[in-house]
Amino acid sequence: MVAIQDKAALVTGGRRGLGAALVDELLARGARKVYSTARSAYVDGRPEVVTAELEVRSADSVASLAELASDTQLVFNNAGALLPGSLLTGDFDRVTETFDINVFGTLRVARAFAPILAANGGGALVNMHSVLSWLAGSGAYGASKAAAWSVTNSLRIELAQQHTQVVGVHAGFIDTDMVSAIQAPKVTPVEVAARILDGLEAGHTEVLADAVTVDVKAALSGPVEQLIFAAAR
536 MVAIQDKAAL VTGGRRGLGA ALVDELLARG ARKVYSTARS AYVDGRPEVV TAELEVRSAD
596 SVASLAELAS DTQLVFNNAG ALLPGSLLTG DFDRVTETFD INVFGTLRVA RAFAPILAAN
656 GGGALVNMHS VLSWLAGSGA YGASKAAAWS VTNSLRIELA QQHTQVVGVH AGFIDTDMVS
716 AIQAPKVTPV EVAARILDGL EAGHTEVLAD AVTVDVKAAL SGPVEQLIFA AAR
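Residue numbers (our numbering): 536 to 768.
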């Protein structure tokens, strides 16, 4: 279990959506400092928030962030991209970009901050996945989130020795700009942020943030043909 009170946290993609909700919830639960990143510079007037530019596709950018945020104890890998397209016929550059952000970007941040977390007592690494990690039919995005889920599960083993709590978060559609065009039931970023931090503080290794995710996780033991994203049927 990891307490949030008086901790220094990092939220990638913290400018809006779920990232912004995580920043707010961390401060509400007593975090002493929150580093919040975006791909371009922005201002947050709260004294506890330190904003920074981050391009997760760039090793140099990630290294610069690690140097700035060397007191970090909690890392929230929230930055991600949804670039629609078929795996077979879509632009292959968009497929590779999706994986570079959602999988390798997550891993770049984890690798850069693992020694920082170790030096600061272990702390926690929280990676955002998706219910689409488990459902076929969402192209490169779902495939990248499935890969990110696997990365997180392996990182949990590798980081156990330094006492870093590794949490994988799965959620259905969150009411953010990323999925504004998709007509489906959605949960609010505030609800998901609260559930993530509840899980972190309770010592969980996985957070299922809504009912649809709970249902899909339960179906993983059934026929794989049934694991299809409804919009793709």
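All residues carry an ideal CB built from backbone N, CA and C; glycine is no exception.
At the level of alpha carbons, what is the spacing between E517 and V584?
No answer is possible for residue 517: it lies beyond the span of the chain, which begins at 536 and ends at 768.
For the putative contact between A555 and L622, defined by C-beta atoms under 8 Å, what is the C-beta separation to the nearest angstrom?
Going by Cβ atoms, the distance from A555 to L622 rounds to 31 Å, so no, they are not a contact pair.
Coil, strand or helix - A706 by DSSP:
coil
Alpha carbon to alpha carbon, how far is L670 from D635?
20 Å
If you run the structure through DSSP and keep just helix, strand and coil, what is N655?
coil
Let's test the definition: count the other Cβ atoms within 10 Å of the Cβ of D745 and tell me whether it reaches 16, buried, or not, exposed.
buried
For A728, which of helix, strand or coil comes out of DSSP?
helix
Cβ neighbour criterion (16 or more within 10 Å) applied to H664:
buried
Of all the options F639, A544, N655 and S756, which has the alpha carbon lying nearest to the alpha carbon of E560?
A544
Which listed residue (F611, P619, Y570 and D628) has its alpha carbon closest to that of L603
Y570
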